[in-house]
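Engineer:
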Amino acid sequence: MKKVYFSILLSVIFLFTFASTSIAQFRIYAGAGANVSTINIESTVDFNSKYVTNYFVSVRPEYRFSNFVSFSFDAQYSVKGTYFQFENPTFTQKTKLGFIDIIPQIGLKLLPFIEVYGGVGLGIKTSELIDFDNKGYSKPIVNIYDNDYSVVAGARIKVLRFVFHGQFSNSISNFNDLTITDSMGNVIKYNEYLRNFQLGVAYQIF
Numbered sequence: 004m005k006k007v008y009f010s011i012l013l014s015v016i017f018l019f020t021f022a023s024t025s026i027a028q029f030r031i032y033a034g035a036g037a038n039v040s041t042i043n044i045e046s047t048v049d050f051n052s053k054y055v056t057n058y059f060v061s062v063r064p065e066y067r068f069s070n071f072v073s074f075s076f077d078a079q080y081s082v083k084g085t086y087f088q089f090e091n092p093t094f095t096q097k098t099k100l101g102f103i104d105i106i107p108q109i110g111l112k113l114l115p116f117i118e119v120y121g122g123v124g125l126g127i128k129t130s131e132l133i134d135f136d137n138k139g140y141s142k143p144i145v146n147i148y149d150n151d152y153s154v155v156a157g158a159r160i161k162v163l164r165f166v167f168h169g170q171f172s173n174s175i176s177n178f179n180d181l182t183i184t185d186s187m188g189n190v191i192k193y194n195e196y197l198r199n200f201q202l203g204v205a206y207q208i209f
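Under the working numbering, residues 4 to 209 are what the sequence shown spells out, in order.
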């Protein structure tokens, strides 16, 4: 009987130790910051693009497999913008695009306070505003842009419970559905790839 009690006691101690370790390895961060976006266009016509600044807010659960490797699932509401001007036909287009970004990622700690990470992103488009030729933002009659699929890479610096990060993402597929006809009646189809730099700060809430 004593052996049974002793075995039960060891099992309880093991379960509590495992649970405590698992909880210690699980963390949740909440943060916000700036998106600096531009557009990369593959087209036969000339264009000029500029960077546009917007914002994001995020919640990022993280599980640490060890002191060196982690898995995160970053969920963001992210507003990204574009600005570009075509030469022929001549027109200017500015956009504000809202996304729910889902970014699973793997992190690798280089130093006790520095981690690099990489992953893939799915941007589910929630809103779209377009400004043609500086006439003001409005909803397009027909949606021009689709969901955005991207690759993501970045680095984090942790100071106490604060985490500062810089991140780069780039579309891996064309995310517009727009065709332009010039003054000569020629149909111009072009591919757009969203490029985004992100700077943010998060706080460990759990």
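For every residue, glycine included, the Cβ atom is placed at its ideal position computed from N, Cα and C.
Using only CA atoms, which one of S52, Y32, F165 and I208 lies nearest to F116?
Structural biologist: As a first step, residue 116 is located in the sequence shown; it is residue number 113 there, counting from the start. Of S52, Y32, F165 and I208, the residue nearest in Cα terms is F165.
Engineer: Residue ranges of each alpha helix (DSSP H) run of no fewer than 4 residues wholly in the segment 48-98, ordered along the chain?
Structural biologist: Fully enclosed alpha helix (DSSP H) runs of 4 or longer: not present.
Engineer: Ends of the beta strand (DSSP E) at Y152?
Structural biologist: As a position in the sequence shown, residue 152 is number 149, starting the count at 1. Note, Y152: beta strand (DSSP E), D151 to V162.
Engineer: Go to F29, then tell me how far its beta strand (DSSP E) extends in each direction, as first and last residue.
Structural biologist: In the sequence shown, residue 29 corresponds to position 26, counting from 1. Run containing F29: F29 to E45, per the beta strand (DSSP E) assignment.
Engineer: Assign F178 to one of three DSSP states: helix, strand, or coil.
Structural biologist: Along the sequence shown, one-based indexing puts residue 178 at 175. In this structure, F178 counts as coil in the three-state DSSP scheme.
Engineer: Given this structure, state the Cα-to-Cα distance separating Y54 from L197, to the nearest angstrom.
Structural biologist: Translated into positions along the sequence shown, residue 54 becomes position 51. Translated into positions along the sequence shown, residue 197 becomes position 194. Cα to Cα, the separation comes out at about 11 Å.
Engineer: Would you grab the beta carbon distance between Y66 and S73 for me? Rounded to a whole angstrom, and I think it's under 8 Å.
Structural biologist: Counted from its first residue, the sequence shown places residue 66 at position 63. Counted from its first residue, the sequence shown places residue 73 at position 70. The pair is a contact, with the Cβ atoms about 7 Å apart (cut-off 8 Å).
Engineer: Considering only residues of the same chain and omitting the five flanking positions on each side of M187, which have a CB-CB separation below 8 Å?
Structural biologist: Locating residue 187 in the sequence shown gives position 184, where the first residue counts as 1. Taken in chain order, the list of residues that qualify is empty.
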